[in-house]
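The structure under discussion appears below in the form of structure tokens.
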Amino acid sequence: MELSFCSKYPFTREAKDLMSSAKVGDEFQLAELAKRRVINSVKDGRIPLLNVELDDPQLLLQVASYAVSRMIVSLLKSRYYVNRYAIAEAKRASSYLERDSDENVLHIARELGVECEIDGYYAVSFQNYLRYAPKSVDYKLVNRKLREGVVRLKREEFIRLLEEAIKMKIESGLPLKTEGIPDRVKEAADAVRASIPKEPKPTSISLERGEFPPCISKLLEDLKTVENLSHTARWALAVYLLNVGMKVDEVVRLFSTSPDFDESVTRYQIEHAMKRGYKASSCASMDSYGLCVSNCGVKSPLGYRRGSVGKSAA
Amino acid sequence: MESLQLRVSNPEEDYVKRKFREYYERVEVPAPEEIERREWGFGGWERKIETRHLRIGSTDELRSRLVRDTPLFISYSVAYYEFPDMRPMERKNWLGADLVFDLDSDHLELPCKSRHGAKWVCDECLNAVKEESVKLVEQFLIPDFGFSKKEIEMNFSGNRGYHIHVRDKSVRELGAYARREIVDYLTGTGIDFDSMGFEHVAVSGRKERKLLGPTLTDPAWPGRIAKLVSQLLAEKKLEEAGVGEREARRIYKKDAQFLESIKEGKWDVVKLENKEDFWRNVVGRLRVKLGDRIDQNVTADTGKLIRLPESLHGESALLARRVRDIDKFDPLKDAVVFGEQPVRIKIKKAPQFRVGEHTFGPFKDEERELPEYAALFLICKKEAVLWKS
Chain A
1 MELSFCSKYP FTREAKDLMS SAKVGDEFQL AELAKRRVIN SVKDGRIPLL NVELDDPQLL
61 LQVASYAVSR MIVSLLKSRY YVNRYAIAEA KRASSYLERD SDENVLHIAR ELGVECEIDG
121 YYAVSFQNYL RYAPKSVDYK LVNRKLREGV VRLKREEFIR LLEEAIKMKI ESGLPLKTEG
181 IPDRVKEAAD AVRASIPKEP KPTSISLERG EFPPCISKLL EDLKTVENLS HTARWALAVY
241 LLNVGMKVDE VVRLFSTSPD FDESVTRYQI EHAMKRGYKA SSCASMDSYG LCVSNCGVKS
301 PLGYRRGSVG KSAA
Chain B
1001 MESLQLRVSN PEEDYVKRKF REYYERVEVP APEEIERREW GFGGWERKIE TRHLRIGSTD
1061 ELRSRLVRDT PLFISYSVAY YEFPDMRPME RKNWLGADLV FDLDSDHLEL PCKSRHGAKW
1121 VCDECLNAVK EESVKLVEQF LIPDFGFSKK EIEMNFSGNR GYHIHVRDKS VRELGAYARR
1181 EIVDYLTGTG IDFDSMGFEH VAVSGRKERK LLGPTLTDPA WPGRIAKLVS QLLAEKKLEE
1241 AGVGEREARR IYKKDAQFLE SIKEGKWDVV KLENKEDFWR NVVGRLRVKL GDRIDQNVTA
1301 DTGKLIRLPE SLHGESALLA RRVRDIDKFD PLKDAVVFGE QPVRIKIKKA PQFRVGEHTF
1361 GPFKDEEREL PEYAALFLIC KKEAVLWKS
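Here the protein sequences come in this chain order: A and B.
Letter by letter, the first sequence follows residues 1 to 314 in this note's numbering.
Letter by letter, the second sequence follows residues 1001 to 1389 in this note's numbering.
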């Protein structure tokens, strides 16, 4: 497989094969590229694409820097950084996929175990669809034409699925064992640690039992376990917290533990919700978003009070 | 709760247990696939699950536990675990799970429920829940999800409904989110008008835009919606879908023409005065009624325990029978396994009910001699005690 393919998609078997035999010359440049890869991922949430034509030794360095950046991320010993790194790598790859040939797109899909047939649309099994589709209202299965177990997608939607599959593949391969990692990579990791923001600590929001309705408690718990919540879930949680009197800054801070956190986007949306005076979703809406977890006997999560007893979720 | 007296002496529990034991000695209950990877739960007189986190290593062990311990309810995990008897749940190491749906007549909110309550069933509710199960399988699981008939197992729950198991290996690894999405698909939760092929398009020379919509040949939800509305139009029942009466009458006058245009996806002939009403009614009729969010957890919860097919149900003494031919299946007859031998019981209260070939009751504070299967039925419902003269 050609070198440029490997540099766009360094997580593939082809890239791995290439690296097992290739020799990279410039150790210093390699470490610098790898550092940038991790720093950009953690700081900005994305790795900038290269718009210039690279010669072969440069392309090879790109591929190699992926391998080194994985060592660096592993040395940071944080699931948060790993997740953020995997998201950025996946976004980088999907940007390349968007302008790549169908042949390459299908090749990547096959490597990720996502069978696809192109018949004008990109047809995938509902199992793969549910595994990799974004957890948002736009991608709800009920609003898709599902026939004989197959969902047919537009190209950009299919690539969005692949992005998630890439993220999961990269994430599941990390962290690497850190024994035997060369000292110069360890030094690079130290340098990275010094220039990235600290891993956000969960805010000290007291999670006493019964203080919040079960749906909100569940969302707060999910947030704590460093899961990326769906857009709908975040929205419901943010608006609820604003409604019960939490400040915009506090809500933003709460979400900052999410690995795919982007402060400007989050702040914009929360301020928007505040300005418009949105009211927390009713129980019926929470239910239709799939966020209701209990039958509390109230009409809105806002109506839930400590000690109110309803049908238990047995 | 039930009187303390029952707890102390409890001849009824002993009797039911003895009868269940005799049955399990006589008949071998088939084990589920990969029995050694399942978690098991046993229930008794007081609760449907009294102990769980049990592991049963083989078909022989299952048989001996049924004969020796004779739980009044036996259920097993839809999940496969590496260590099914470890706790807490995280240590079991989840490997996957079957996809299971629970259809209970109690979820259907039928008019007969107000007559007999949730404790009892009648032919009306059992037929309705059967229809709902057939709908799930034949209108959703097979055409939309592409499962084959032989991957789908249907069994009577032993009480008020049916459990539908999908054994296809491709669904095993689906997580809770994916299962919730499947439930939302079946129940039409979060379904969106604009995603169903409805679209307002401008027509040159006309002020009003015209409404295009799904056609009869569309797959999945859009096709179902087109078919239902065509059917209601043909049967002159559009009012049931929230179309105003006057509007409906106007449409019926030219019904052939309207039917033809819906066929082609031209929907502007049906003026939807109250779109939300229409939508709620149409989706409400087409959705699979899987109960509320908590009932739906049977499908979404990947650690759920479910009744073992072909085992006895401690609230009815009926068998959770595997269904071969749903059209011919009569749960109140085909799930009866106990005999005709008369048993003397004292009945507290029971509405008229049918088990087997016969209809019994209503009863109120009376002593009776009923066939063993009917006596057990009432004792399990805790509406009768043994009576020795």
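Where a beta carbon is used, it is the ideal one built from N, C-alpha and C, also for glycine.
- Glu148(A) has a beta carbon lying within less than 8 Å of a beta carbon in chain B.
- Separation of Val1166(B) and Lys1254(B) (C-alpha to C-alpha, rounded to the nearest whole angstrom) is 45 Å.
- In the three-state reduction of the DSSP assignment, Arg1047(B) falls in the coil class, being assigned neither a helical nor a strand state.
- For Leu1174(B), the nearest beta carbon of chain A is closer than 8 Å to its own beta carbon.
- In this structure Ala1350(B) is not in contact with Gly1339(B), their Cβ atoms being roughly 20 Å apart against a cut-off of 8 Å.
- The beta carbons of Asp1098(B) and Val1129(B) sit no closer together than 8 Å.
- Rounded to the nearest angstrom, the gap between the Cα atoms of Val1288(B) and Ser1105(B) is 12 Å.
- Note that the C-beta distance between Ile1049(B) and Gly1041(B) is below 8 Å.
- Considering only beta carbons, the part of the segment 117-140 of chain A lying closer than 8 Å to chain B consists of Ser125, Phe126, Gln127, Leu130, Arg131, Lys135, Val137, Lys140, in chain order.
- The bridge partners DSSP lists for Leu146(A) are Val151(A).
- Under a criterion of Cβ atoms nearer than 8 Å, the residues of chain B adjacent to Tyr289(A) are, in order, Gly1190.
- Our two residues, Ala189(A) and Asp1069(B), have alpha carbons roughly 60 Å apart in a direct line.
- The shortest CA-to-CA distance from Gln62(A) to any of Arg267(A), Ser7(A), Val42(A) is the one to Ser7(A).
- For Phe1145(B), the chain A residues whose C-beta falls within less than 9 Å of its own C-beta are Phe126, Leu146, Glu148, Gly149, listed in chain order.
- Closer than 9 Å at the C-beta level to chain A, one finds these residues of the segment 1196-1213 of chain B: Met1196, Gly1197.
- Counting only Cβ-Cβ distances below 7 Å, Asn143(A) has contacts in chain B at Ile1191, Asp1192, Ser1195, in chain order.
- Of all alpha-carbon atoms in Lys154(A), Leu174(A), Pro134(A), the one lying nearest the alpha-carbon of Ala86(A) is that of Leu174(A).
- With a threshold of 16 other beta carbon atoms within 10 Å, Tyr268(A) falls short and is exposed.
- Rounded to whole angstroms, the separation of the alpha carbons of Ala1335(B) and Val1323(B) is 10 Å.
- One thing to note: Val1385(B) has its Cβ within 8 Å of the Cβ of Lys1346(B).
- Remark: three or more beta-carbon pairs, one from each stretch, lie closer than 8 Å, so the segment 182-196 of chain A and the segment 37-48 of chain A are flagged as touching.
- If you ignore the 5 residues before and after Arg1354(B), its C-beta comes within less than 6 Å of the C-beta of Leu1332, all in its own chain and listed in chain order.
- Separation of the CB atoms of Val150(A) and Ala123(A) is rounded to 5 Å, and the pair is thereby assigned contact status at 8 Å.
- The alpha-carbon of Ala1234(B) is positioned some 8 Å away from that of Leu1259(B).
- Put simply, the backbone Cα of Arg1037(B) is about 45 Å away from that of Gly1197(B).
- In terms of beta-carbon proximity, Trp1267(B) stays away from the interface with chain A, with every pair separated by 8 Å or more.
- Here the C-alpha atom of Gly25(A) lies approximately 30 Å from the C-alpha atom of His107(A).
- Within the DSSP bridge table, the entry for Leu1305(B) names Ser1077(B) as partners.
- The C-alpha of Pro1032(B) is placed about 55 Å away from the C-alpha of Arg184(A).
- Runs of alpha helix (DSSP H) with 4 or more residues, each lying fully within the segment 244-290 of chain A, are found at 248-255, 263-276, 283-288, listed in chain order.
- Setting aside the 5 residues that flank it on each side, Tyr139(A) is surrounded in the same chain by Ala133, each with a C-beta closer than 6 Å to its C-beta; the list follows chain order.
- Counting C-beta pairs with one atom in each stretch, the segment 1187-1207 of chain B and the segment 1111-1125 of chain B have fewer than three that are closer than 8 Å, which means they do not touch.
- Residues of the same chain with a CB within less than 6 Å of the CB of Arg1344(B), apart from the 5 flanking positions on each side, are Glu1369, Trp1387 in chain order.
- With 16 or more other Cβ atoms from the protein chains shown falling within 10 Å of its own Cβ, Tyr289(A) counts as buried.
- Distance from the CA of Met286(A) to the CA of Ala233(A), rounded to the nearest whole angstrom, comes to 9 Å.
- Contact annotation: Arg1055(B) and Pro1084(B) have beta-carbon atoms nearer than 8 Å.
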